[in-house]
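To start, the structure itself, in structure tokens.
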Amino acid sequence: MAVLFAPVDVAVADDDDVVTGERLAAVLRAGRSVISSHQDLINDETIGEKNLTGDSVVAEALALYTEREGNPPEGDGLTERDKLLFDAQIAAMREIVSEYEELIDTEGVGFKGFIPAIFARLVNERFSEKVGDLAKTKVTAPDELVRNRKARPDEWERQVIEEKFLTKDWPKGEAYVEEIDRDGRKEFRMLIPEYYSASCLTCHGGPKGEVDVTGYPKEGGAEGDLAGAISITLYK
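Quick note on our numbering: the sequence shown kicks off at 749 and runs consecutively.
What follows is the structure in structure tokens.
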């Protein structure tokens, strides 16, 4: 999915939280892009050892992040919290790829199922395990586009998607952030819309209902349609 950034729409939020949320989302997108770029290699049944390791994916993701953002995510100026979150996200990325390396290197098996969406979900889950009640990252989507129940939007995410991202006057690519109270505790919430790029349509395009390589019916989406959103929560 391609992501277009514009200034965030801020209801109530701290600038530092916005920067932290954007960094978490951008690192995740970079890692997902690396996995996407290696799909032909991952699914090549004629090659055994592919040298696609946790370390190599992390190195490529950091290089891609730096290329896109203009500076490395681990540069000077990270707060103690940001350093902890960054280290946890990178560790999660490295661990997930390492755990799938044996499958990736299996000869005689074509489609491995290790696609960008699966990678992102597993990294997000591992990240949340590592940071506990400090933060949460998630990729969600409008209800009708969700393929995995774990990705279903919560009520806040659903409201933002329906009342902002899906309206015709919402600036394309603009994120929405807000600080909310939940059970007496403040949460910084950030939702960043994502849109189908041409490469997404192999699985999510048309004809609608046709089963794709992953075994799911295609959504019939078009390039530029809202595909989902990256959700960032920072707990206060």
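Don't be surprised by glycine CBs; every beta carbon is placed ideally from N, CA and C.
May I have the straight-line CA-CA distance separating residue 970 from residue 806, to the nearest angstrom?
For the purposes of this step, residue 970 is taken as residue 222 along the sequence shown, with counting starting at 1. For the purposes of this step, residue 806 is taken as residue 58 along the sequence shown, with counting starting at 1. The alpha-carbon separation between residue 970 and residue 806 amounts to approximately 31 Å.
Answer with buried or exposed for residue 977, where buried requires no fewer than 16 other C-beta atoms within 10 angstroms of its C-beta.
To locate residue 977, count along the sequence shown from 1; it is residue 229. Buried is the call here.
Three-way DSSP call (helix, strand, coil) for residue 978 in this model
As a first step, residue 978 is located in the sequence shown; it is residue number 230 there, counting from the start. Here residue 978 sits in strand by DSSP.
Determine which residues share a DSSP beta bridge with residue 883 and list them.
Working through the sequence shown from its first residue, we reach residue 883 at position 135. Residue pairing by DSSP puts residue 883 in a beta bridge opposite 982.
Exposed unless 16 or more other CB atoms sit within 10 angstroms - verdict on residue 749
The residue labelled residue 749 in the question sits at position 1 within the sequence shown. Residue placement at residue 749 cannot be trusted, given a pLDDT of 44 that sits under 50; what the coordinates show is reported in the next sentence. Buried is the call here.
Can you give the Cα-Cα distance for residue 721 and residue 774, rounded to whole angstroms?
Any property of residue 721 remains undetermined from this structure, which presents the chain solely from 749 to 984.
To the nearest angstrom, how far is the alpha carbon of residue 918 from that of residue 942?
For the purposes of this step, residue 918 is identified with residue 170 of the sequence shown, where counting begins at 1. For the purposes of this step, residue 942 is identified with residue 194 of the sequence shown, where counting begins at 1. One C-alpha to the other measures close to 13 Å.
Taking its Cβ as the centre, do 16 or more other Cβ atoms sit within 10 Å of residue 754, making it buried, or is it exposed?
Here the question's residue 754 lines up with position 6 in the sequence shown. Its pLDDT being 38, under 50, residue 754 is placed unreliably in this model, and the value from its coordinates should be taken loosely. For residue 754, the number of other beta carbons within 10 angstroms of its own is below 16, and it is reported as exposed.
Integer Cβ distance of residue 982 from residue 883, believed to fall under 8 Å:
What you label residue 982 is simply residue 234 of the sequence shown in a count that begins at 1. What you label residue 883 is simply residue 135 of the sequence shown in a count that begins at 1. About 5 Å separates the two Cβ atoms, so the contact holds.
Kindly indicate which three-state DSSP category residue 864 falls into: helix, strand or coil?
Position 116 of the sequence shown, counting from 1, holds the residue named residue 864. Three-state DSSP puts residue 864 in a helix.
Check residue 780 in the structure and name its three-state DSSP category.
As a position in the sequence shown, residue 780 is number 32, starting the count at 1. Residue 780: helix per DSSP, three-state reduction.
Simplified DSSP state of residue 928, which is helix, strand or coil
Numbered from its first residue, the sequence shown carries residue 928 at position 180. Strand.
Could you tell me if residue 975 is buried or exposed, where buried requires 16 or more neighbouring beta carbons within 10 angstroms of its beta carbon?
For this step, residue 975 is matched to residue 227 along the sequence shown. Classification of residue 975: buried, given that the 10 Å Cβ count is 16 or more.
Can you tell me whether DSSP reads residue 943 as helix, strand or coil?
Counting from 1 along the sequence shown, the entry for residue 943 is found at position 195. In the structure shown, the three-state DSSP call for residue 943 is strand.
Nearest residue (CA-CA) to residue 800, options 939, 789 and 880
Here residue 800 corresponds to residue number 52 of the sequence shown, with the count starting at 1. Selection 939, 789 and 880 evaluated against residue 800 yields 789 as nearest (Cα-Cα).
Quick one: grab the DSSP three-state call for residue 859.
Taking the first residue of the sequence shown as 1, we reach residue 859 at position 111. It is coil, neither helix nor strand.
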